[in-house]
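Numbering (the numbering used here), first residue to last: 632 to 1062.
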Amino acid sequence: MDKTVKGKPCGFGDENTSDVVLHLRNCEGRPEVFYSHSLTLASKSKFFADWFSSPDSGKCVEIHCTEFNYDHHVNFLRLLYLPVDLQLDSLDSVKYAIGILEVSVAFSCEEVTKNCIHYLEAVPWEDKEEEQIIKTVTNLGPIAMPIIARIKPVDFTSTKNVFVSAVRFATSTGGTCPPFGDELKISAQEQVEYMLGEDEDMPLVMADDEVKSVVRVGLSRIFSTFEKQLSSLLLESDLTSETAEDNILQCVSDLEWMGNLLPKMELMKDFVSNWAEISCNVLGILEDKKLESLMWGLKVKLIEVSGKALEAVGYGSVILPAPVRVQLLKTWLPYIRKIKPLLDSKGAEDTSFPHKMDEDLCQSIEGAIVSLVLALPSNDQADILADWMKADQVRYPDLSEAFEVWCYRTKSAKRRLVEGLDRVGNTTVSL
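Structural data, given as structure tokens:
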């Protein structure tokens, strides 16, 4: 019997005006009864319209659901009774909207589906929620375009523009940083590194001339700022203040970040060339009497930066002329040889002394130096090895492997020379 009263609004669950009964069966098989109205359901849902148009439909509809989507079914049915302009306002969380969207899609309710999509397109998502949203809207077609537009991969130009802006901010080349600029700059640096991860567009972005130009400008800015901050240490009246050391360590942190970034963009040569160019000035300041017994953390950090440069040159990832390689090595080898025992001594005297060259750093620098020495002209190798054996500290870095190879190569070279001269002499006599 049809109890619907024309002209009077029907409410969900109103038994007095109901003409159909919905049985929602949960996973336990226990049915819940909801009194509904065929006109309301059929006008909002194609599923219900088709159901009620069948002569054998009856007045009872069984809907099977699980413990996970039972509440979503109930909330979906309540939405069908709301005016269109109030449906959107009733959605109050991403989880709630996703659940209702899934049910709405199953019951072919375009009105509720659109409102769910409108809501989801406009609010923030968590990663897990995004995966569920994608799974739900994948096959919805044009109606889901607002969400698809938000999650689809960006084109090359957009990716490039974001990357360039991030690099400018990360290197402080985009203008004065706002309050909390250091924190935001560090965040930008992390995001630049993340963007350089596996991505189809990033190789094209990294190869772009404009992108490389922006990165080189940023590198130049970082080196310039570092030199100015380092030079200003000699003008400081109180070098024991944390502010002075914190400022220069921030600059060194930017250098380290660049040292990690540039190999991914095949621009490490720019870093090493800049570092080799300023190394003499850097060591001149570090060895000034004012810093003789101060800023050990800075000294260790700069040795780490030098280690990156030595590795890049020593293992052939950066190709530089032999005179530049010789100068880089002759500049930093004596300093590293001098600082290592001082740090060890201070650590032995005071176990709480925090600054040291750990084993991994020592091994990586030693290996890079040995490799670098062996790739130099023989006479330069001889000069460096002779200087190493004259020094008080020959234990680190240990160049005995390079010395053994040099001795073997020298004898081999002399033997080849003698054999070559003999061949020339024999040829002359035979003529």
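Backbone N, C-alpha and C define an ideal beta-carbon position, used for all residues, glycine too.
DSSP beta-bridge partners of residue i
| i | result |
| --- | --- |
| PHE902 | Answer is none; PHE902 lacks a bridge partner. |
| CYS691 | VAL652 |
| SER667 | VAL651 |
| PRO686 | Paired residues: none, contrary to the question. |
| PRO662 | ARG656 |
Cβ-Cβ separation, residue j to residue i (assumed contact under 8 Å), whole Å
| i | j | result |
| --- | --- | --- |
| PHE643 | TYR727 | The pair is not a contact, with the Cβ atoms about 17 Å apart (cut-off 8 Å). |
| SER999 | GLU942 | It is worth fixing the name first, because residue 999 is Ala in this sequence and not Ser. Rounded, the Cβ-Cβ distance is 4 Å, consistent with contact. |
| VAL664 | VAL652 | 6 Å |
| GLU742 | VAL725 | That belief does not hold up - the Cβ atoms of GLU742 and VAL725 are roughly 20 Å apart, past 8 Å. |
| CYS691 | HIS749 | In fact, because the Cβ distance is near 33 Å, the residues do not count as touching under 8 Å. |
| LEU1016 | VAL936 | Not quite, the Cβ-Cβ distance comes to about 25 Å (not below 8 Å), so this is no contact. |
| LEU922 | LEU864 | 7 Å |
| VAL848 | VAL842 | Actually they do not touch by this definition, with Cβ atoms about 11 Å apart. |
Beta carbon of residue i nearer than 8 Å to that of residue j
| i | j | result |
| --- | --- | --- |
| MET889 | ILE853 | yes |
| CYS747 | SER676 | no |
| LEU880 | VAL913 | no |
| ILE970 | ILE996 | no |
| LEU974 | TRP927 | yes |
| SER649 | TYR666 | yes |
| LEU898 | ALA953 | no |
| ASP945 | SER1002 | Just to set this straight, residue 945 is Gly in the shown sequence, not Asp. Yes, the pair counts as a contact, with Cβ atoms nearer than the cut-off. |
| VAL883 | LYS932 | yes |
| VAL957 | ASP1011 | yes |
| GLU698 | ARG656 | no |
| VAL845 | VAL903 | no |
| ALA907 | LEU959 | yes |
| CYS911 | THR962 | yes |
Alpha-carbon spacing of residue i relative to residue j, whole angstroms
| i | j | result |
| --- | --- | --- |
| CYS696 | PRO755 | 28 Å |
| THR758 | LYS900 | Before going further, note that residue 758 is Asp rather than Thr in the sequence given. Going by the C-alpha atoms only, they are around 38 Å apart. |
| VAL795 | THR856 | 20 Å |
| ILE909 | THR874 | 24 Å |
| ILE731 | SER684 | 25 Å |
| ASP720 | PRO777 | 18 Å |
| ASN792 | ASP839 | 11 Å |
| ALA801 | LYS816 | 5 Å |
| SER674 | ASP786 | 41 Å |
| LYS930 | LEU827 | 30 Å |
| PHE984 | PRO1028 | 22 Å |
| LEU717 | SER789 | 37 Å |
| ASN1071 | ALA1022 | Residue 1071 lies beyond the range of the chain shown here (632 to 1062); nothing can be said about it. |
| GLY805 | GLU1032 | The predicted position of GLY805 is uncertain, since its pLDDT is 46 and thus under 50; a value taken from the coordinates is nonetheless stated next. The straight-line gap from Cα to Cα measures roughly 48 Å. |
| PRO1034 | SER924 | Per the sequence presented here, residue 1034 reads as Phe, with Pro not at that position. Whole-angstrom Cα-Cα distance: 33 Å. |
| TRP682 | PRO834 | 55 Å |
| PHE811 | HIS986 | Because the pLDDT at PHE811 is just 49, under 50, the model does not fix this residue reliably, and the value given afterwards should be weighed accordingly. Using only the alpha carbons, I get a separation of about 28 Å. |
Residue i Cβ short of 7 Å to the ligand PLP heavy atom set
| i | result |
| --- | --- |
| ARG656 | With respect to small molecules bound, the structure shown includes none, and the ligand PLP cannot be examined in it. |
Evaluate contact between the stretch 724 to 739 and the stretch 765 to 774, counting only Cβ atoms and requiring at least three cross-stretch pairs below 8 Å. Taking a contact to require three or more Cβ pairs closer than 8 Å, the stretch 724 to 739 and the stretch 765 to 774 qualify as touching.
Flag this pair as touching only if the stretch 770 to 783 and the stretch 815 to 825 have three or more C-beta atom pairs under 8 Å; answer yes or no. The answer is no - the stretch 815 to 825 does not touch the stretch 770 to 783, with fewer than three Cβ pairs under 8 Å.
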